[in-house]
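Taking it in order: structure first as structure tokens, then the write-up.
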Amino acid sequence: MRWHNLNIAFLFYLLVSLALVSCSSATGVVFDPAKPHHGDGEFISVKKGSFFGHLRMRMREDDPPPRDPEAVKAIIGEVDRDLVDSFAAQPRVTWIGHATTLVQYRGINFLTDPHLTQYPFYYEFYVEPRFTQPALSFAEMPAIDFIVISHNHYDHLDHRTVDKFGDSVLWYVPLGLKAWFLDRGISSHRVIELDWWQNHQFNEQVLVTFTPTEHWSKRTPWDTNQSLWGGWSVDIDGFKSWFAGDTAYHLGYFRDIGERLGPFRLAMIPIGAYAPRYFMGSSHVDPAQAIDIHQDIGAEQSLAIHWGTFQMTIEPAFEPPQLLQQEMAKRGLAAEEFEVVKIGDTLILD
Ligand code: ZN
Ligand code: ZN
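Right, dumping it as structure tokens:
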């Protein structure tokens with residue numbers, strides 16, 4: 110990366126951080142020393158993310174190769190609007206882009222980490238916008254019952270999208286993040302904040318449980334790990350799904366999730382934003398580890414997410430699905446067991 114760009118990036122980062130410090134407020138979390146992931150005033154992760162560490166890595170590494178416009182077009186599908194607006198007698202999932210999925214079953218519609226705007230950051234300049242559009246806009250969405258949020262990174266928690274949904278949905282958020290939603294004007298009774306393994310009955314059909322992952326949280330330099338991160342298990346009338354959010358590999362966590370809440374009919378697992386491994390390995394899985402998670406939690410079928418939308422790391426944009434499919438073949442697994450779909454495609458589960 111060029112020095113000039115790095116300097117500009119750092120200047121903006123400082124300015125925005127200073128602007129945001131005045132907005133930061135207490136999370137109200139009471140840390141419990143009996144819980145291994147609760148530390149002294151913050152949650153515990155392997156990595157915490159450092160701006161200077163990131164700068165050092167970017168100075169060592171080349172920029173990602175340019176994207177072939179034809180390859181970009183090839184991953185864009187079209188939503189079957191009649192289908193997503195119809196009653197789901199069978200469970201189905203539509204990939205909206207990045208970590209955003211729409212899951213539907215028996216009258217329940219929920220979204221994972223909705224990001225329906227252009228930029229994966231606080232401000233809308235300098236940062237590279239998304240290179241594929243969300244498959245459905247806010248206006249095109251069917252009525253949403255609830256939304257699960259995995260953590261507070263900008264590509265998963267987009268404040269512009271949160272403002273659009275507002276109080277129209279119930280928000281499931283990690284411990285420590287409710288205060289942020291209240292600051293944005295969401296009503297307290299519309300936000301359910303959970304610690305790992307806590308659950309909440311949305312209605313008599315639906316049980317939502319927050320589960321561990323190996324990640325970290327940060328929106329400003331002053332809120333590192335002040336809110337938790339994790340995955341969401343959602344059981345709708347016995348149809349069990351699990352959404353990973355962002356995670357590094359952690360055998361213990363994933364085996365536990367499978368044993369305590371699985372087996373899952375569907376999992377949404379990230380496959381992108383993994384290079385270089387020496388830097389990203391403690392934050393994000395690579396495609397082979399995504400398959401490990403799929404197997405550890407006992408998923409019957411998984412959907413590849415967290416690729417094809419934002420160029421956040423240095424691997425070629427279309428490498429994640431290629432590596433995933435190579436690795437599935439190498440392990441003798443059927444490709445449909447870990448589906449790669451186009452943005453906007455719907456997977457109907459029988
Ligand atoms: Zn993240
Ligand atoms: Zn992410």
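Following the numbering used here, the numbering of the sequence shown begins with 110 at its first residue and continues without gaps. The beta carbon of each residue, even a glycine, is placed where N, CA and C say it ideally should be.
Rounded straight-line distance, which links the Cα of residue j to that of residue i
{"i": "Val138", "j": "Ile253", "result": "28 Å"}
{"i": "Thr455", "j": "Ser154", "result": "34 Å"}
{"i": "Ser350", "j": "Ile378", "result": "11 Å"}
{"i": "Phe319", "j": "Phe373", "result": "15 Å"}
{"i": "Trp338", "j": "His207", "result": "17 Å"}
{"i": "Asp395", "j": "Ala382", "result": "8 Å"}
{"i": "Arg111", "j": "Gly417", "result": "With a pLDDT of 45 at Arg111, under the threshold of 50, the modelled position of this residue cannot be trusted, and the question is left open."}
{"i": "Glu446", "j": "Ser195", "result": "26 Å"}
{"i": "Asp405", "j": "Gly371", "result": "10 Å"}
{"i": "Ser131", "j": "Ser326", "result": "Residue placement at Ser131 cannot be trusted, given a pLDDT of 48 that sits under 50; what the coordinates show is reported in the next sentence. The straight-line gap from Cα to Cα measures roughly 19 Å."}
{"i": "Ala248", "j": "Phe348", "result": "27 Å"}
{"i": "Ala408", "j": "Ile366", "result": "11 Å"}
{"i": "Ala135", "j": "Lys156", "result": "22 Å"}
{"i": "Pro142", "j": "His359", "result": "22 Å"}
{"i": "Leu211", "j": "Ile400", "result": "22 Å"}
{"i": "Glu73", "j": "Ala180", "result": "Any property of residue 73 remains undetermined from this structure, which presents the chain solely from 110 to 459."}
{"i": "Asp292", "j": "His298", "result": "14 Å"}
{"i": "Ala244", "j": "Glu187", "result": "7 Å"}
{"i": "Arg386", "j": "Met166", "result": "11 Å"}
{"i": "His309", "j": "Arg176", "result": "42 Å"}
{"i": "Val202", "j": "Gly453", "result": "10 Å"}
{"i": "Trp306", "j": "Phe219", "result": "20 Å"}
{"i": "Pro145", "j": "Lys182", "result": "45 Å"}
{"i": "Ile380", "j": "Leu284", "result": "25 Å"}
{"i": "Phe234", "j": "Tyr228", "result": "8 Å"}
{"i": "Pro178", "j": "Asp304", "result": "42 Å"}
{"i": "Phe140", "j": "Lys451", "result": "42 Å"}
{"i": "Ile457", "j": "Pro251", "result": "17 Å"}
{"i": "Asp364", "j": "Ser392", "result": "For the record, residue 364 in the displayed sequence is Arg; it is not Asp. Looking at the two C-alpha atoms, the distance is approximately 19 Å."}
{"i": "Phe290", "j": "Leu164", "result": "30 Å"}
{"i": "Arg215", "j": "Arg369", "result": "24 Å"}
Assigned exposure category for residue i - 16 Cβ within 10 Å defines buried
{"i": "Asp171", "result": "exposed"}
{"i": "Gly162", "result": "exposed"}
{"i": "Gln435", "result": "exposed"}
{"i": "Arg239", "result": "buried"}
{"i": "Met437", "result": "buried"}
{"i": "Ile402", "result": "buried"}
{"i": "Leu286", "result": "buried"}
{"i": "Asp459", "result": "exposed"}
{"i": "Trp341", "result": "buried"}
{"i": "Trp331", "result": "exposed"}
{"i": "Asn261", "result": "buried"}
{"i": "Glu313", "result": "exposed"}
{"i": "Leu192", "result": "exposed"}
{"i": "Met168", "result": "exposed"}
{"i": "Asp398", "result": "Note on identity: in this sequence residue 398 is Gln, with Asp being the wrong assignment. The residue in question, Gln398, is buried, as its Cβ has 16 or more Cβ neighbours within 10 Å."}
{"i": "Gly246", "result": "The sequence shown places Ser at residue 246, not Gly. So Ser246 ends up on the exposed side."}
{"i": "Arg440", "result": "exposed"}
{"i": "Ala444", "result": "exposed"}
{"i": "Glu151", "result": "buried"}
{"i": "Phe419", "result": "buried"}
{"i": "Ala288", "result": "buried"}
{"i": "Asp272", "result": "exposed"}
{"i": "Ser296", "result": "exposed"}
{"i": "Ala197", "result": "buried"}
Residue i versus the options, residue with shortest Cα-Cα distance
{"i": "Ala384", "options": "Thr422, Gly407 and Asp149", "result": "Thr422"}
{"i": "Gly294", "options": "Asn308, Asn312 and Ser277", "result": "Ser277"}
{"i": "Leu433", "options": "Arg190, His224, Leu211 and Val449", "result": "Val449"}
{"i": "Pro200", "options": "Ile217, Ile184, Thr209 and Phe160", "result": "Ile217"}
{"i": "His224", "options": "Pro425, Ser259 and Glu323", "result": "Ser259"}
{"i": "Phe230", "options": "Arg165, Ala413, Arg386 and Arg328", "result": "Arg328"}
{"i": "Arg269", "options": "Asp355, Val202, Asp177 and Tyr232", "result": "Tyr232"}
{"i": "Ala426", "options": "Pro174, Gly158, Ile457 and Arg167", "result": "Pro174"}
{"i": "Asp149", "options": "Asn334, Phe274, Val202 and Asp177", "result": "Asn334"}
{"i": "Phe311", "options": "Ser336, Trp305 and Phe255", "result": "Phe255"}
{"i": "Met389", "options": "Asp355, Phe419, Met250 and Phe152", "result": "Asp355"}
{"i": "Val257", "options": "Ser336, Leu266 and Pro251", "result": "Leu266"}
{"i": "Asp346", "options": "Arg369, Asp264, Gln213 and Ser336", "result": "Gln213"}
Integer Cβ distance of residue i from residue j, believed to fall under 8 Å
{"i": "Tyr362", "j": "Pro321", "result": "4 Å"}
{"i": "Val343", "j": "Val300", "result": "Their Cβ separation, rounded to whole angstroms, is 17 Å, which puts Val343 and Val300 out of contact at 8 Å."}
{"i": "Ile185", "j": "Thr241", "result": "6 Å"}
{"i": "Val317", "j": "Glu302", "result": "The Cβ separation is near 12 Å, so there is no contact."}
{"i": "Glu323", "j": "Ala357", "result": "4 Å"}
{"i": "Trp513", "j": "Ile414", "result": "Nothing about residue 513 can be read from this structure; the chain reaches only from 110 to 459."}
{"i": "Leu375", "j": "Leu412", "result": "7 Å"}
{"i": "Asp189", "j": "Thr209", "result": "That pair is no contact at about 17 Å."}
Residue i beta carbon near ligand 4 (any heavy atom closer than 7 Å)
{"i": "Lys157", "result": "Of the ligands one can find in the structure shown, namely ligand 1 and ligand 2, none is ligand 4."}
Counting by C-beta, which residues lie closer than 5 Å to a heavy atom of ligand 1, in chain order?
-> His262 and Asp355
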